[in-house]
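Undergrad:
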Amino acid sequence: MTKQIDVVGAILVREGKILCCKRGPGRSLAYLWEFPGGKIEPGETPALALARELREELKIEVSIVPEIFVNASYTYDFGRVTMDTLVCHLLSGEPVLTEHVDMKWLRPSELSQLEWAPVDLPTVEKLIAQGDFDD
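For the sequence shown, the numbering used here begins at 272 and goes up steadily by one.
(1) So for S380, helix, strand or coil by DSSP?
(2) Beta carbon of V358, beta carbon of L329: below 7 Å?
(3) Quick one: what's got a C-beta closer than 7 Å to L385's C-beta in the same chain, skipping five residues either side?
(4) Does the region 317–325 come within contact of the region 370–380, defined as at least 3 CB pairs closer than 8 Å?
(5) In the structure shown, what three-state DSSP assignment does A343 receive?
(6) Cα separation between K375 and L283?
(7) Let me know if G364 comes out buried or exposed under the rule of 16 or more other beta-carbons within 10 Å of its beta-carbon.
This is the structure we're talking about:
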């Protein structure tokens with residue numbers, strides 16, 4: 272049976288740009304780009320999990336739009352990942368790399384320049400189709 276992994280990702284918007292993070296070495300999907308976030312723990316809503324993950328991973332506080340932007344699934348060799356992405360905005364702090372090796376702020380129209388983890392692609396495609404954010 273395939274292992275089910277439920278995760279949440281942040282579409283963190285600032286000045287019309289979205290934060291993109293590059294995974295580090297020694298982990299699955301090494302050096303691919305992703306939306307920051309992580310696993311949803313038992314009893315957590317996607318929004319609660321996202322706020323916790325961004326606090327732990329990037330040392331930031333965010334406000335989260337509660338509606339799910341995209342729900343996507345992808346089956347990797349290590350299990351099936353189902354990811355909800357949510358739009359959020361920086362409240363305090365400046366993103367600090369603790370688990371990633373690089374980050375970029377890109378407009379939706381620039382997202383196709385990066386090599387994304389497969390489960391992130393439906394969100395990338397929707398963002399590109401939607402067009403750039405107006406602040």
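We put the beta carbon where it would ideally sit given N, CA and C, even for glycine.
TA: On the basis of the data shown:
(1) The residue labelled residue 380 in the question sits at position 109 within the sequence shown. Here S380 sits in helix by DSSP.
(2) Within the sequence shown, residue 358 is the residue found at index 87, counting from 1. Within the sequence shown, residue 329 is the residue found at index 58, counting from 1. In this structure, L329 does not lie closer than 7 Å to V358 by Cβ.
(3) As a working mapping, residue 385 is identified with position 114 in the sequence shown. Once the five neighbours on either side are set aside, the close Cβ partners of L385 are C291 and W304.
(4) no
(5) Locating residue 343 in the sequence shown gives position 72, counting from the first residue. The answer is strand: DSSP assigns A343 an E or B state.
(6) Here the question's residue 375 lines up with position 104 in the sequence shown. Here the question's residue 283 lines up with position 12 in the sequence shown. Looking at the two C-alpha atoms, the distance is approximately 11 Å.
(7) As a working mapping, residue 364 is identified with position 93 in the sequence shown. Exposed, by the Cβ-count rule.
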